[in-house]
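K.L.:
My structure is below; once you've seen it, I'll send some questions.
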Amino acid sequence: MTNILLLNPEIILACAGLLILLSGAFICESRAKLLYHLGIISTIAVLGMIITQALMAGYGTGTMWVIDPAAQFFKFIVLVATVFTLMLSVNYTGIRARHIGTYTALLLWASCGMMLLSGAMDFIYLLISLELISISCFILTGFEQKNPRSAEGAIKYFLMGGLSTAVTIYGISLFYGATGTTNLFNYATAVELHIGDPAYIMGMLFILVGFGFKVSMVPFHFWAPDAYEGAPTPVTAYLSVASKLAALGAMMRIFASVIPHQEINITMLIAILAALTMTLGNLTALFQTNVKRLLAYSSIAQAGYILIGLVVAGPIGRESVMFYSLAYLVTNIGAFAVAMVVAGKTGSYEIDAYNGLSKRSLGLSIVMVMFLLSLAGIPPMAGFVGKFYVFASAVNTQQFLWLAILGVLNSVISVYYYMGIARRMFFVGSEDESPVETDIYAASVIAVTAAATLLLGILPETVMRIVKSCVAFHL
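The sequence shown lines up with residues -4 to 470 when you count with this note's numbering.
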């Protein structure tokens, strides 16, 4: 198939966002939450379309974009994250009723951009996707008008994002100057004639910098902690998962499939950056007292682990990236959902707010421990299996055995700060012993993500079969 109908899911999602935005101008504030439900229904409908197209493959608009099972996999992740984010937003008090339409529309448009990014095969198309994501996410980050940290985080995100976009555009221009094309299919053959061309090499490095910002890779991560802390908590969860994984999916397609980066030692550079990312992320998280900042640095470290699979490349590397992405999706969304519920009760995101939580909500404490164990990579949770596949892929190459060893050491370090939260919940007392109530939307998200975290850890074979089939049909 080579027609525009392949973009039906993205078109429908974008139109749904426009409809919700227009509806927000006319709906009364007492019924504004209906717009969240409209967004959820629209996203689930598009998710159903993606699932039915799971094995579809084809190109569109002169091979500017591609649809294959790998692209559909990352679109699935983005849409699931969007549904969870909208559900967490329904009873979130930081969003004013009159702004719900704008908020929901921006989420849908950002998701549309991420879906487009997942299948981008031309740098012009890729830039359009990145801009749609960036502009939407900049605004969403600063959506809490009464919170000065929200504005601060949005400004830092905007400034660093603008710089990364400029660097990316410059890299693409160098690529175009060296190869005469912006299409990735043409690059696969054209670069063989330009391996030693300085413009080609610098172009690739600048593009790597641009994507490094999107996935909060060290040393391009400085925006993430402030943006994550200041953004509305549902948006923080969304940025830490959907935006990061969509960019990683695009990196997997560009660096591991199309461009022979091994010829210019980009592989070793990405390996070093992966090592720095997971190490600095974990070491900095040790000193955090705010749960949102702790999870922000944790997400930086998680990006480092996923980058190991990108470094390994080949089928085994791509399989590990995709499985880890799914495990990270359910685990991180669940952890942020619990953090939002606790903050809703205590009014604080400080770690002290978790003191004695087991006496106020044993169920919430248990699922939070599950999420923390998964993030730390402890069996039988999904994170353990994800890290096992990633580290095993590095061990199989021998060349990157050191990266697997460093990943294991970093996982050990992370246990300290993850279990520090668990210790407070079960072994530190609190003067406030009133029960913590969870609304039906947050409870549903927490229940689904907790079940998925456990099932992916106990029964990973089914998901791995799906992942292997996606990699086998990777165009």
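In this text, a Cβ means the ideal position worked out from N, Cα and C, and glycines have one as well.
State yes or no: is the C-beta of Gly148 within less than 8 angstroms of the C-beta of Ala226?
P.N.:
Taking the first residue of the sequence shown as position 1, residue 148 is located at position 153. Taking the first residue of the sequence shown as position 1, residue 226 is located at position 231. It is a contact, given that the beta carbons lie within the stated cut-off.
K.L.:
When burial is assigned at 16 or more other CB atoms within 10 Å of the CB, is Trp397 buried or exposed?
P.N.:
Numbered from 1 along the sequence shown, position 402 holds the residue referred to as residue 397. Exposed, by the Cβ-count rule.
K.L.:
Could you check if Gly244 is buried or exposed, using at least 16 other CB atoms within 10 Å of its CB as the buried criterion?
P.N.:
Position 249 of the sequence shown, counting from 1, holds the residue named residue 244. Answer is buried; the Cβ neighbour count reaches 16.
K.L.:
Classify Met199 as buried or exposed, calling it buried when 16 or more other Cβ atoms lie within 10 Å of its own Cβ.
P.N.:
For the purposes of this step, residue 199 is taken as residue 204 along the sequence shown, with counting starting at 1. Buried, by the Cβ-count rule.
K.L.:
Does the separation of the CB atoms of Met335 and Leu367 fall below 8 angstroms?
P.N.:
The count along the sequence shown starts at 1 and reaches residue 335 at position 340. The count along the sequence shown starts at 1 and reaches residue 367 at position 372. Their beta carbons are not under 8 angstroms apart, which means Met335 does not touch Leu367 by this criterion.
K.L.:
Evaluate Gln257 with the Cβ neighbour count: other Cβ atoms within 10 Å of its Cβ, from every protein chain shown; 16 or more gives buried, anything less gives exposed.
P.N.:
Translated into the one-based positions of the sequence shown, residue 257 becomes position 262. Any reading at Gln257 must be qualified, since the residue scores a pLDDT of 48, below 50, and its modelled position is unreliable; the value itself is stated next. With fewer than 16 other Cβ atoms within 10 Å, it is exposed.
K.L.:
In the structure shown, what three-state DSSP assignment does Val61 receive?
P.N.:
Within the sequence shown, numbered from 1, the residue matching residue 61 stands at position 66. Strand, per DSSP.
K.L.:
Are there 16 or more other CB atoms within 10 angstroms of the CB of Ala467, so buried, or fewer, so exposed?
P.N.:
The count along the sequence shown starts at 1 and reaches residue 467 at position 472. Burial call: exposed.
K.L.:
Could you round the C-beta distance between Met420 and Leu352 to whole angstroms and report it? I think they count as a contact, below 8 angstroms.
P.N.:
Taking the sequence shown and counting its residues from 1, the one referred to as residue 420 is at position 425. Taking the sequence shown and counting its residues from 1, the one referred to as residue 352 is at position 357. That belief holds up - the Cβ atoms of Met420 and Leu352 are roughly 4 angstroms apart, short of 8 angstroms.
K.L.:
In whole angstroms, give me the CA-to-CA distance for Ala445 and Thr433.
P.N.:
For the purposes of this step, residue 445 is taken as the residue at position 450 of the sequence shown. For the purposes of this step, residue 433 is taken as the residue at position 438 of the sequence shown. Rounded to the nearest angstrom, the two C-alpha atoms are 15 angstroms apart.
K.L.:
Can you give me the start and stop residues for the alpha helix (DSSP H) that Arg355 sits inside?
P.N.:
The residue you call residue 355 lines up with position 360 of the sequence shown. Counting along the chain, the alpha helix (DSSP H) containing Arg355 begins and ends at Leu352 to Arg355.
K.L.:
Using the rule of at least 16 other Cβ atoms within 10 Å of the residue's Cβ for burial, across every protein chain shown, is Ser124 buried or exposed?
P.N.:
Your numbering for residue 124 matches position 129 in the sequence shown. When all chains shown are included, Ser124 counts as buried.
K.L.:
Taking the alpha carbon of Ala332 as the reference point, which residue from Ser37, Lys70, Ala371 and Ser439 has its own alpha carbon closest?
P.N.:
As a first step, residue 332 must be located in the sequence shown, where it is residue number 337. Here the closest residue by C-alpha is Ser439.
K.L.:
Shortest alpha-carbon distance to Trp104 belongs to which of Cys10, Asn277, Ile441 and Lys382?
P.N.:
As a working note, residue 104 is residue 109 in the sequence shown. Minimum Cα distance to Trp104 is reached at Cys10.
K.L.:
Among Val403, Val364 and Met365, which has the Cα closest to the Cα of Phe383?
P.N.:
If you number the sequence shown from 1, residue 383 lands on position 388. Checking every option, the nearest Cα to that of Phe383 belongs to Val403.
K.L.:
Just mark Val407 as buried or exposed, buried being the case when its beta carbon has 16 or more other beta carbons within 10 Å.
P.N.:
Position 412 of the sequence shown, counted from the start, is the residue given in the question as residue 407. Around the Cβ of Val407, a 10 Å sphere holds fewer than 16 other Cβ atoms; the residue is exposed.
K.L.:
Please confirm whether Glu5 and Ala92 have their CB atoms less than 8 angstroms apart.
P.N.:
Numbered from 1 along the sequence shown, position 10 holds the residue referred to as residue 5. Numbered from 1 along the sequence shown, position 97 holds the residue referred to as residue 92. No, Cβ-Cβ distance for Glu5 and Ala92 is not below 8 angstroms.
K.L.:
Inspect the beta-carbon positions of Val230 and Phe138 and report whether they are closer than 8 angstroms.
P.N.:
Looking up residue 230 in the sequence shown gives position 235. Looking up residue 138 in the sequence shown gives position 143. Yes, these two residues count as a Cβ contact at 8 angstroms.
K.L.:
Run the CB neighbour count on Thr284, radius 10 Å, all protein chains shown included, and call it buried at 16 or more, exposed below.
P.N.:
Taking the first residue of the sequence shown as 1, we reach residue 284 at position 289. With fewer than 16 Cβ atoms within 10 Å of its Cβ, Thr284 is classed as exposed.
K.L.:
Within its chain, find whatever has a CB closer than 8 angstroms to the CB of Ser238; leave out the 5 residues flanking it on each side and keep chain order.
P.N.:
In the sequence shown, the residue the question calls residue 238 occupies position 243. These residues qualify, in order along the chain: Ala105, Met109, Ile128, Cys132 and Lys209.
K.L.:
Residues in its own chain within less than 7 angstroms of Ala298 by CB, not counting five upstream and five downstream?
P.N.:
Within the sequence shown, residue 298 is the residue found at index 303, counting from 1. Once the five neighbours on either side are set aside, the close Cβ partners of Ala298 are Val210, Ser211, Met212, Lys239 and Thr272.
K.L.:
Can you give me the C-alpha to C-alpha distance between Ala161 and Arg355, rounded to a whole angstrom?
P.N.:
Against the sequence shown, residue 161 aligns to sequence position 166. Against the sequence shown, residue 355 aligns to sequence position 360. Their Cα atoms are separated by approximately 49 angstroms.
K.L.:
Give a single yes or no on whether Ala308 has its beta carbon closer than 7 angstroms to a heavy atom of the ligand ATP.
P.N.:
No copy of the ligand ATP occurs in the structure displayed, which carries no ligand at all.
K.L.:
Using the Cα positions of Phe170 and Phe180, report the straight-line distance between them to the nearest angstrom.
P.N.:
Here residue 170 is taken as the residue at index 175 of the sequence shown, counted from 1. Here residue 180 is taken as the residue at index 185 of the sequence shown, counted from 1. Whole-angstrom Cα-Cα distance: 13 angstroms.
K.L.:
According to the Cβ coordinates, are Gly166 and Phe201 closer than 8 angstroms?
P.N.:
Position 171 of the sequence shown, counted from the first residue, corresponds to residue 166. Position 206 of the sequence shown, counted from the first residue, corresponds to residue 201. A contact, by the Cβ cut-off of 8 angstroms.
K.L.:
Measuring alpha carbon to alpha carbon, tell me which of Ala27, Gly43 and Met197 ends up nearest Ile261.
P.N.:
Locating residue 261 in the sequence shown gives position 266, counting from the first residue. Among Ala27, Gly43 and Met197, the Cα nearest to that of Ile261 is on Met197.
K.L.:
Expressed to the nearest angstrom, what Euclidean distance is found between the alpha-carbon atoms of Ser294 and Gly276?
P.N.:
Taking the first residue of the sequence shown as 1, we reach residue 294 at position 299. Taking the first residue of the sequence shown as 1, we reach residue 276 at position 281. C-alpha separation (whole angstroms): 8 angstroms.
K.L.:
Quick check on Asn86: does DSSP put it in helix, strand or coil?
P.N.:
Walking along the sequence shown from the start, residue 86 turns up at place 91. Three-state result, Asn86: coil.
K.L.:
Considering only DSSP beta bridges, list what Asn178 is partnered with.
P.N.:
As a working note, residue 178 is residue 183 in the sequence shown. The partner list for Asn178 (beta bridge, DSSP) reads Asp117.
K.L.:
Please report how far the alpha carbon of Ala266 lies from the alpha carbon of Val364, in whole angstroms.
P.N.:
For this step, residue 266 is matched to residue 271 along the sequence shown. For this step, residue 364 is matched to residue 369 along the sequence shown. Rounded to the nearest angstrom, the two C-alpha atoms are 31 angstroms apart.
K.L.:
Exposed or buried, Gly487, counting other C-beta atoms within 10 Å across all chains shown (16 or more means buried)?
P.N.:
Lying outside -4 to 470, the shown extent of the chain, residue 487 is not represented and no answer is given.
K.L.:
Should Ile15 and Leu33 be called a contact, given that it needs their Cβ atoms to be closer than 8 angstroms?
P.N.:
Position 20 of the sequence shown, counted from the first residue, corresponds to residue 15. Position 38 of the sequence shown, counted from the first residue, corresponds to residue 33. Contact: yes.
K.L.:
If you run the structure through DSSP and keep just helix, strand and coil, what is Glu24?
P.N.:
On the sequence shown, position 29 is the one that residue 24 refers to. In this structure, Glu24 counts as helix in the three-state DSSP scheme.
K.L.:
If Ala241 and Leu112 are in contact, beta carbons under 8 angstroms, what's the gap, nearest whole angstrom?
P.N.:
The sequence position of residue 241 within the sequence shown is 246, counting from 1. The sequence position of residue 112 within the sequence shown is 117, counting from 1. Confirmed, Cβ separation roughly 5 angstroms.
K.L.:
Exposed or buried, which one is Glu428 when buried takes at least 16 other CB atoms within 10 Å?
P.N.:
As a working mapping, residue 428 is identified with position 433 in the sequence shown. Exposed: under 16 other Cβ atoms inside 10 Å.
K.L.:
So the alpha helix (DSSP H) Val349 belongs to, where does it begin and stop?
P.N.:
Counting from 1 along the sequence shown, the entry for residue 349 is found at position 354. Note that residue 349 is Tyr in the sequence shown, not Val. Counting along the chain, Tyr349 falls outside any alpha helix (DSSP H), and DSSP gives it neither H nor E.
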